[in-house]
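Enquirer: First the structure, which I've put down as structure tokens, then a few questions once you've had a look.
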Amino acid sequence: MLEYIGYKKVPKTKSDVENVVLKLKELIDIFLELTKSEKFQFKLPESALSIFSKEQTANKSSHHFDKEKSNDQIFEEAKEYAKNEFEQLQLLQSVNEEFTDAKKLADKIQELAAKDDGDEMITVNSKQYKRSNYLMVLIKKQRGYQCQFCDVKIRKANGDLYVEACHIEPKKSKGKDKPDNILVLCPNHHKLFDYGKRENELFKNGTYSVKLNEEMFSVNLFWL
Ligand SMILES: [Zn+2]
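As structure tokens, then:
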């Protein structure tokens, strides 16, 4: 994501993160200006539009195409996103060093998942992080930092693996930060899950199956 906005190095300090956030805001402003200009014809593909309108009618998805969203709201969301990404980057190193034992990792995931949901802070290596960000990194490690739908592994220039945590029930609909609500996916499958036609969802014996745009997927959510 950082590369998309021209940020080549991994942010290490608070001011690095602030620079990323400023750059994001700049991009959002440019985008908003462009969508207003007559020269720029912003068009979504027909299929995407039909998904958005269906979702808005159903009023249940976290991915509304919300024209009412203000610049400040978009900025706040981008800032929150950048902050969470940064926390997870910081946590990655300590997680890789500390949890070399699968049983210890599984126990820690259970311990964190058993706590009530919320944005409470926890201390890792004497620094404060959001519990949910720590848990996401642990779940990604447990599932091998690879897509649970296609097994793809994306290697970054610094050697780390890149993968995304996807909420089955979105956070905005009170979906929980718990292993049984999280899929670890590559960016393509994350978007397929969020925007595709989702049918036949089934949880059975720790396995979650779903049909997305006519293709079946089945994954283990527990790994214990
Ligand atoms: Zn994938």
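Counted the way the working numbering counts, the sequence shown spans residues 219 to 442. C-beta atoms are modelled at their ideal positions from N, C-alpha and C, and glycine is treated no differently. Values in this document were obtained by computation on a predicted structure and should not be read as measured data.
Just to confirm, does His385 get its C-beta within under 8 Å of one of the non-hydrogen atoms of ligand 1?
Expert: For ligand 1, not one heavy atom lies less than 8 Å from the Cβ of His385.
Enquirer: Under three-state DSSP, which class holds Tyr299?
Expert: Helix at Tyr299.
Enquirer: Which residues mark the beginning and the end of the beta strand (DSSP E) in which Ile400 is found?
Expert: Per DSSP, Ile400 belongs to the beta strand (DSSP E) from 400-403.
Enquirer: How about the segment 381-392 and the segment 400-414: do they share at least three Cβ pairs that are nearer than 8 Å?
Expert: Short answer: they touch.
Enquirer: To the nearest angstrom, report how far apart Ser265 and Asp412 are at their CA atoms.
Expert: Note that Ser265 has pLDDT 49, beneath the 50 cutoff, so the model's placement of it is unreliable and the number below is only indicative. Spanning the two alpha carbons is a distance of roughly 14 Å.
Enquirer: Under the rule that 16 or more other beta-carbon atoms within 10 Å means buried, what is Glu256, buried or exposed?
Expert: Its pLDDT being 47, under 50, Glu256 is placed unreliably in this model, and the coordinates cannot settle the point.
Enquirer: For ligand 1, any of its heavy atoms closer than 8 Å to the Cβ of Leu403?
Expert: It does: the Cβ of Leu403 is within 8 Å (strictly closer) of some heavy atom of ligand 1.
Enquirer: Please report how far the alpha carbon of Glu302 lies from the alpha carbon of Lys422, in whole angstroms.
Expert: What sits at residue 302 in the sequence shown is Asn, not Glu. Straight-line Cα distance between these residues: approximately 31 Å.
Enquirer: Does the segment 360-369 touch the segment 340-348, meaning 3 or more C-beta pairs lie closer than 8 Å?
Expert: Output reads no: the segment 360-369 does not touch the segment 340-348.
Enquirer: When the Cα atoms are used, what is the spatial distance from Ser233 to Asp325?
Expert: So the alpha carbons of these two residues sit roughly 35 Å apart.
Enquirer: Would you identify the three-state DSSP class for Asn418, choosing helix, strand or coil?
Expert: Here Asn418 sits in strand by DSSP.
Enquirer: Taking the alpha carbon of Lys359 as the point to measure from, which residue in Thr318, Asp395, Pro388 has its own alpha carbon closest?
Expert: Here the closest residue by C-alpha is Thr318.
Enquirer: What is the C-beta distance between Ala300 and Ile246, in whole angstroms, given that I count them as a contact (C-beta under 8 Å)?
Expert: With a Cβ gap of about 12 Å, Ala300 and Ile246 do not count as contacting.
Enquirer: In three-state terms, what does DSSP make of Arg349?
Expert: It is helical.
Enquirer: Give every residue of the same chain whose Cβ lies closer than 6 Å to the Cβ of Leu323, excluding the five residues on either side of it in the sequence, and list them in chain order.
Expert: Result list for Leu323: Phe317, Gln360, in chain order.
Enquirer: Does the distance from the CB of Asn237 to the CB of Glu305 come in under 9 Å?
Expert: No, the pair does not count as a contact, with Cβ atoms beyond the cut-off.
Enquirer: By how many angstroms is the C-alpha of Thr231 removed from the C-alpha of Gly377?
Expert: Their backbone Cα atoms lie some 20 Å apart in a straight line.
Enquirer: Is the beta carbon of Asn343 within less than 8 Å of some heavy atom of ligand 1?
Expert: Because no heavy atom of ligand 1 lies under 8 Å away, the Cβ of Asn343 does not count as near it: no.
Enquirer: Please report the straight-line C-alpha distance between Ala320 and Glu244, rounded to a whole angstrom.
Expert: Going by the C-alpha atoms only, they are around 43 Å apart.
Enquirer: Thinking C-alpha only, which one of Pro397, Ile340, Leu242 is nearest Thr425?
Expert: The shortest Cα separation from Thr425 among Pro397, Ile340, Leu242 belongs to Pro397.
Enquirer: Using the Cβ count rule (16 or more neighbours within 10 Å means buried), how would you classify Ala375?
Expert: Classification of Ala375: exposed, given that the 10 Å Cβ count is below 16.
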